[in-house]
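There are 2 protein chains.
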Amino acid sequence: MSLIVQKFGGSSVADAESIKRVAKRIVATRQAGNDVVVAVSAMGDTTDELLDLAYQVSPLPDPRELDMLMSSGERISVSLLAMAIRSMGHDATSLTGPQAGMRTDSHYGAARIVDVTPTRIRAALDGGSIVIVAGFQGLSADTEDITTLGRGGSDTTAVALAAALDADVCEIYTDVDGIFTSDPRVVPKAQKIDRVTSEEMLELAAHGAKVLYIRAVEFARRHGVTLHVRSSFNNSEGTLVYNPKEGEEVEQPIVTGVATDLSEAKVTVVGVPDVPGKAAQIFTLIAKTEANVDMIVQNVSAAATGLTDISFTLPKSEAQQVLTVLRAEKDAIGFQTLQHDDQIGKLALVGAGMKANTGVSAKLFDALHRASINIEMISTSEIRISVVTRADTVHEAARVIHTAFGLDGTEDAVVHAGTGR
Amino acid sequence: MSLIVQKFGGSSVADAESIKRVAKRIVATRQAGNDVVVAVSAMGDTTDELLDLAYQVSPLPDPRELDMLMSSGERISVSLLAMAIRSMGHDATSLTGPQAGMRTDSHYGAARIVDVTPTRIRAALDGGSIVIVAGFQGLSADTEDITTLGRGGSDTTAVALAAALDADVCEIYTDVDGIFTSDPRVVPKAQKIDRVTSEEMLELAAHGAKVLYIRAVEFARRHGVTLHVRSSFNNSEGTLVYNPKEGEEVEQPIVTGVATDLSEAKVTVVGVPDVPGKAAQIFTLIAKTEANVDMIVQNVSAAATGLTDISFTLPKSEAQQVLTVLRAEKDAIGFQTLQHDDQIGKLALVGAGMKANTGVSAKLFDALHRASINIEMISTSEIRISVVTRADTVHEAARVIHTAFGLDGTEDAVVHAGTGR
Chain A
44 MSLIVQKFGG SSVADAESIK RVAKRIVATR QAGNDVVVAV SAMGDTTDEL
94 LDLAYQVSPL PDPRELDMLM SSGERISVSL LAMAIRSMGH DATSLTGPQA
144 GMRTDSHYGA ARIVDVTPTR IRAALDGGSI VIVAGFQGLS ADTEDITTLG
194 RGGSDTTAVA LAAALDADVC EIYTDVDGIF TSDPRVVPKA QKIDRVTSEE
244 MLELAAHGAK VLYIRAVEFA RRHGVTLHVR SSFNNSEGTL VYNPKEGEEV
294 EQPIVTGVAT DLSEAKVTVV GVPDVPGKAA QIFTLIAKTE ANVDMIVQNV
344 SAAATGLTDI SFTLPKSEAQ QVLTVLRAEK DAIGFQTLQH DDQIGKLALV
394 GAGMKANTGV SAKLFDALHR ASINIEMIST SEIRISVVTR ADTVHEAARV
444 IHTAFGLDGT EDAVVHAGTG R
Chain B
44 MSLIVQKFGG SSVADAESIK RVAKRIVATR QAGNDVVVAV SAMGDTTDEL
94 LDLAYQVSPL PDPRELDMLM SSGERISVSL LAMAIRSMGH DATSLTGPQA
144 GMRTDSHYGA ARIVDVTPTR IRAALDGGSI VIVAGFQGLS ADTEDITTLG
194 RGGSDTTAVA LAAALDADVC EIYTDVDGIF TSDPRVVPKA QKIDRVTSEE
244 MLELAAHGAK VLYIRAVEFA RRHGVTLHVR SSFNNSEGTL VYNPKEGEEV
294 EQPIVTGVAT DLSEAKVTVV GVPDVPGKAA QIFTLIAKTE ANVDMIVQNV
344 SAAATGLTDI SFTLPKSEAQ QVLTVLRAEK DAIGFQTLQH DDQIGKLALV
394 GAGMKANTGV SAKLFDALHR ASINIEMIST SEIRISVVTR ADTVHEAARV
444 IHTAFGLDGT EDAVVHAGTG R
């Protein structure tokens, strides 16, 4: 008998009909002879509605109280799902995050899982029950208060449960058919990928692929959990995100996918004295704002001036705070001016096979050159090449590269109406 | 420094504006130098909306899962209320029923409180915080599952907290100004009562007065908790429900109030053999249905036939089940027929002073006689006289008796638009 963990997001349990459809899916898995543990998000718009209420009573809601509030959403979805399964004649037990043994730190709103003690889950499974766990939440090990895990919290809950229970697979149900070589809304000829390594998935997620949260993929990779991304709307096979054993890499395709991202801005610190320690000074300052700096590029200094420019990208929403902090320290750092550019696009070409192949960069630069697309920044890892272009050329860049690397399918991909979350 | 427990019902926290108004009230109590613990119900229609969802996914929702679902409502109201208070500059901490130490049995949907261990409440109070507790819910001592307390659960939570914390008073906020000598919608000249004993309150609540739940009053009486019923919409003084010391009764008025109730039906078992054990046989059967039988009257048997009639009243909604059970045992009991009458009205005249006064019954019967109102059943306790009349005469009966016992005020009472819950 296998143990399967399944995760259903908010759009999969948006109303009573959706909940009944998800219940059928869970029961089918059970009837196929598996033990089943399910992590569920809050129903559809619940989270937004609760947040709206919070801001109606308080301009700056207390974080602890906000977590108490938000955690109510998953209690609603788990109990309804358990009821629906029971009405189909199968035993089901809902558990809150705390009851499921999810222990976290006390960072309200973005708590980290510190321990999972699935005693009650195991007992319920042993009793023949399907177990429905509230995603996104836990109990602070220090304060015994309810915490929420923040963005991607339900994916992370599912992966953490799969790791703690040593599950055979963690199925992430979503409103798309799986992971694609690129976003089908950007690249119509994008194809569904059957298998991708967690390392590649991490790079794709970090550079704009929205289907899986980077945090959940990281957790899965670290704990050796196999993810299976599937559609909750049909029975197609989806995408397996696996952890290859040593030596398995040779069989991998050179490139796996192209991700694009329009959510970042570029900041350039112009005229920084080219002396040791300046970069450290700048990024130590920025780290204090908790901004998520992504690409960093430092130009060679012009020998005549002894000055250099340092550029970096970060989420648009975090740019203003970073600019403010840097401006305040202008004299201490000794730079000349700050430039802020929120019209950039980021593109990442990812493939585990790159490790063993040369010429990938050249082929990419050539494809962009022939399409007259200008490259503004370049950054690479072992299995990824990222470039920054103008915002209005990045989608065309993705199509050109998708074709150049032979990723195009024979027909256009079907784009679902869903949100892609 | 006093410790005050306050309870606010669903209509008092129906939306963001109401929550802010309640927050002001709580802060004012705090600023007057009191420690404050608050029990809150779910917002307005939340309970009905959640129930509606449950029946959409399951024709017969599992009781455990239903309690998991329903308990989410109070998490929303407590966290929002705590946020609102914090935004006014006062420390506030919300606690779920389980966190507040409310331990119950495992009777889902109508759990009984078995123990209150307010460790976290005391710690929060000692830290200078106002404490907001989710009403209506607890944790099963056996199964560690969430339970709900059923009807009047939030009132009961407040009283149980007041008892466990040895609070000076338990303030029950409602949408009326207090306890009245009769329902002002029935008896326009009804007056607000300043003080009433918990014994009298129990009789009034048991016979149709809707402001307080009988269960909460019973709990308060048993644990010596003083209740203060007040309006959440104004600052009028309300009604004190107190537990008199020995000998205090002499000062009490003879009659305190008149309650009416149109929610009951009368069942008559006709032609029961007048031999010992028949009544026991009948009511043992009925007890198995958990019906709430109220008044029971057995007529003297006609000597010639050796048969008697037994009548009793019970909630209309429970009548059919009881009739079915009795009908199935017709031969075993040996009665002739069953009569079912759902057009009755019940009236109760209550007053602690009745103990020491004779002639109260005679005065009541005389008043009804002069108004040509027929009495169908009579039942009495030490501090109450109840009669059953036709449904369409019971309100007129209440007005006549209210006048006869000198309870009329000089002007009509103000009737609020609220539900009276």
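Protein chains in written order, with my numbering: chain A, 44 to 464; chain B, 44 to 464.
Cβ coordinates follow ideal geometry from the N, Cα and C atoms, glycine included.
In this structure, the straight-line span from the alpha carbon of A:F223 to that of A:A233 is close to 6 Å.
For A:T351, the enclosing beta strand (DSSP E) begins and ends at L350 to P358. Here the C-alpha atom of A:G394 lies approximately 14 Å from the C-alpha atom of A:A447.
For chain A, the residues of the stretch 90-105 of chain B that bring a beta carbon within less than 8 Å of one of its beta carbons are L93, L96, A97, Q99, V100, S101, P102, L103, P104 and D105, in chain order. When only Cα atoms are considered, A:G388 and A:K50 end up about 31 Å apart. One alpha carbon belongs to B:Q364, the other to B:M338, and they sit about 18 Å apart. Between B:G193 and B:I257, the gap from beta carbon to beta carbon reaches 9 Å or more. Taking 4 residues as the minimum length, the alpha helix (DSSP H) runs contained wholly in the stretch 143-202 of chain A are 162-169, in order along the chain. Taking C-beta atoms under 8 Å as the contact rule, A:V318 and A:F355 fail to qualify, at a distance of about 19 Å.
Contact between A:G87 and A:S54 holds, with the beta-carbon distance rounding to 6 Å and staying under 8 Å. If you draw a straight line from the Cα of B:D220 to the Cα of A:D218, it comes to about 53 Å. Out of A:A249, A:S275, A:V368 and A:T162, the CA that lies nearest to the CA of A:Y216 is found in A:S275. A:T89 and B:I119 have their C-alpha atoms roughly 11 Å apart.
Interface with chain B (9 Å Cβ-Cβ cutoff): A:Q324 is excluded. Your pair B:V230 and B:R442 checks out as a contact, with CB atoms roughly 5 Å apart and the cut at 8 Å. Bounds of the alpha helix (DSSP H) holding B:D95 are T89 to V100.
The alpha carbon of B:L204 has as its nearest neighbour, out of B:T240, B:G171, B:E242 and B:I156, the alpha carbon of B:I156.
A:V313 sits close to A:L381, with the two beta carbons spaced by under 9 Å.
Distance check between A:V437 and each of A:Q386, A:G452 and A:L112 places A:Q386 closest, using alpha-carbon atoms only.
Contact of B:V121 with chain A is assigned, a C-beta pair being separated by under 9 Å. With the criterion set as a beta carbon lying under 7 Å from some beta carbon of chain A, the stretch 141-154 of chain B has no members that meet it. Beta-bridge pairing by DSSP links B:Q379 to no other residue. In the three-state reduction of the DSSP assignment, A:P319 falls in the coil class. Taken through DSSP and simplified to helix, strand or coil, B:K50 comes out as strand. Within chain A, the residues placing a beta-carbon under 8 Å from that of B:L112 are R118, I119, S122, L123 and M126, ordered along the chain. Residues of chain B with a Cβ closer than 7 Å to the Cβ of A:S137 are, in chain order, E108 and M111. Rounded to the nearest whole angstrom, the C-alpha separation of A:V100 and A:L93 is 11 Å.
When DSSP states are grouped into helix, strand and coil, B:E307 belongs to the strand group. For A:K321, the nearest beta carbon of chain B is not closer than 9 Å to its own beta carbon. By the Cβ rule, the stretch 60-79 of chain B counts as touching the stretch 119-130 of chain B, because three or more pairs are nearer than 8 Å.
Listed along chain B are L96, Q99 and V100, each with a C-beta nearer than 9 Å to that of A:I62. For the C-beta of A:S115, the chain B residues within less than 7 Å are, from N- to C-terminus, S115, R118 and I119. Spatial neighbours of B:N335 in its own chain (CB-CB distance under 7 Å, excluding positions within 5 residues in sequence) are listed in chain order as L357, P358 and E361. Identification of residues in the stretch 171-189 of chain B having a C-beta nearer than 7 Å to some C-beta of chain A yields an empty set. Residues V212 and Y285 of the same chain have their beta carbon placed closer than 6 Å to that of A:T269, with the five preceding and five following residues left out of the count. In this structure, the straight-line span from the alpha carbon of A:I173 to that of A:A210 is close to 14 Å.
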